[in-house]
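Structure, as structure tokens:
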Amino acid sequence: MAQSTAADTLDVNPDWATMLAQINPTLDLQNPQLQCQLLFSLLVFLGTSIREFLLFLFESTVPAVRHRAGIFMGNHPHNGFGPTHIYRAWHDRFPKSVPHLHSTLVKPCMDEIALQESDKVISDPRLKVRLKDCTLDHIRSVLNPGIYREDAPYTWDFLSVFTTSPNEYRKKRARKGEKGKLAVPVEADEWEEAASGPSGEKPDFAGDTGGFWRNMGFARNATFSHGFYTKHWYQPLSHDPRPLP
Numbered sequence: 195m196a197q198s199t200a201a202d203t204l205d206v207n208p209d210w211a212t213m214l215a216q217i218n219p220t221l222d223l224q225n226p227q228l229q230c231q232l233l234f235s236l237l238v239f240l241g242t243s244i245r246e247f248l249l250f251l252f253e254s255t256v257p258a259v260r261h262r263a264g265i266f267m268g269n270h271p272h273n274g275f276g277p278t279h280i281y282r283a284w285h286d287r288f289p290k291s292v293p294h295l296h297s298t299l300v301k302p303c304m305d306e307i308a309l310q311e312s313d314k315v316i317s318d319p320r321l322k323v324r325l326k327d328c329t330l331d332h333i334r335s336v337l338n339p340g341i342y343r344e345d346a347p348y349t350w351d352f353l354s355v356f357t358t359s360p361n362e363y364r365k366k367r368a369r370k371g372e373k374g375k376l377a378v379p380v381e382a383d384e385w386e387e388a389a390s391g392p393s394g395e396k397p398d399f400a401g402d403t404g405g406f407w408r409n410m411g412f413a414r415n416a417t418f419s420h421g422f423y424t425k426h427w428y429q430p431l432s433h434d435p436r437p438l439p
């Protein structure tokens with residue numbers, strides 16, 4: 195990859211205004227589309243790949259280049275976070291590359307965040323369990339989902355999507371309900387719609403959650419606490435050949 199030989203200057207910096215005026219004085223150099231087309235045509239002429247150019251932009255030590263790259267990497271009030279737009283374009287316009295985006299970009303970041311958040315959770319003094327503190331109130335405080343959401347917001351959101359997203363059956367019922375054509379019959383063994391208790395009344399949960407099968411947040415909370423406490427308490431035996439999880 196061709197890079198500047200000097201640490202703080204560009205080796206090539208021609209007078210583009212004069213050069214372009216000589217080529218075509220009527221060029222509208224304020225037109226963003228035209229600007230991009232000019233840049234791309236120069237890349238094609240020089241035989242520079244997009245990979246080489248992007249690596250130069252984000253790995254260069256030239257202050258002028260680093261400054262521009264830093265602006266792009268900033269989170270701006272009006273334009274948002276620049277890399278988000280680029281990633282979304284890759285994801286939406288190149289569907290065959292999506293598996294590679296997920297495996298090479300998303301997955302490593304997921305692992306990094308999960309490790310950071312799990313370390314934070316297991317080191318939180320509010321979640322320590324000692325025999326002398328093993329009271330009902332303490333257990334309730336330890337199982338308080340607000341602590342997990344505070345210490346591990348990414349993991350919390352991921353598990354929320356995983357456990358609360360409607361399955362195909364629920365989506366089908368929702369579509370039929372919106373159309374309002376036919377009332378969907380309730381199967382006899384449909385737990386999530388079955389009456390709770392002999393009186394047929396629903397349990398009195400805060401927010402009318404309707405019980406475990408209609409409040410998948412319960413599944414998320416149980417999965418969350420079980421996973422972190424497994425990591426916290428698991429100790430392999432001396433003869434156990436299994437590696438740490």
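In this note's numbering, each residue carries its 1-based index in the sequence shown increased by 194.
Glycine included, each C-beta is placed from N, C-alpha and C at the ideal position.
Buried or exposed by the 16-neighbour rule on C-beta atoms within 10 Å, applied to residue 363: Exposed, by the Cβ-count rule.
Please classify residue 305 as buried or exposed, where buried requires at least 16 other C-beta atoms within 10 Å of its C-beta. Residue 305 is exposed by the Cβ-count criterion.
N-terminal and C-terminal residue of the alpha helix (DSSP H) that residue 302 is part of: Residue 302 -> alpha helix (DSSP H) spans 301-316.
To the nearest angstrom, report how far apart residue 358 and residue 271 are at their CA atoms. One C-alpha to the other measures close to 31 Å.
Roughly how many angstroms lie between the CA atoms of residue 390 and residue 360, to the nearest whole one? Caution applies to residue 390, whose pLDDT of 39 falls short of 50 and renders its modelled position unreliable; the model cannot decide the point.
Look at residue 286 and residue 315 and say whether their C-beta atoms are less than 8 Å apart. Not a contact, by the Cβ cut-off of 8 Å.
If you run the structure through DSSP and keep just helix, strand and coil, what is residue 270? If DSSP states are grouped into helix, strand and coil, residue 270 belongs with the strands.
Taking all protein chains shown into account, do 16 or more other C-beta atoms lie within 10 angstroms of the C-beta of residue 178, making it buried, or fewer, making it exposed? Nothing about residue 178 can be reported from this structure: the residues present for the chain run from 195 to 439 only.
For residue 221, count neighbouring C-beta atoms within 10 Å of its own C-beta (all shown protein chains included) and say buried if the count is 16 or more, exposed if not. The residue is exposed, with fewer than 16 neighbouring Cβ atoms inside 10 Å.
C-beta atoms of residue 254 and residue 245 nearer than 8 Å: For residue 254 and residue 245, no; Cβs fall outside 8 Å.
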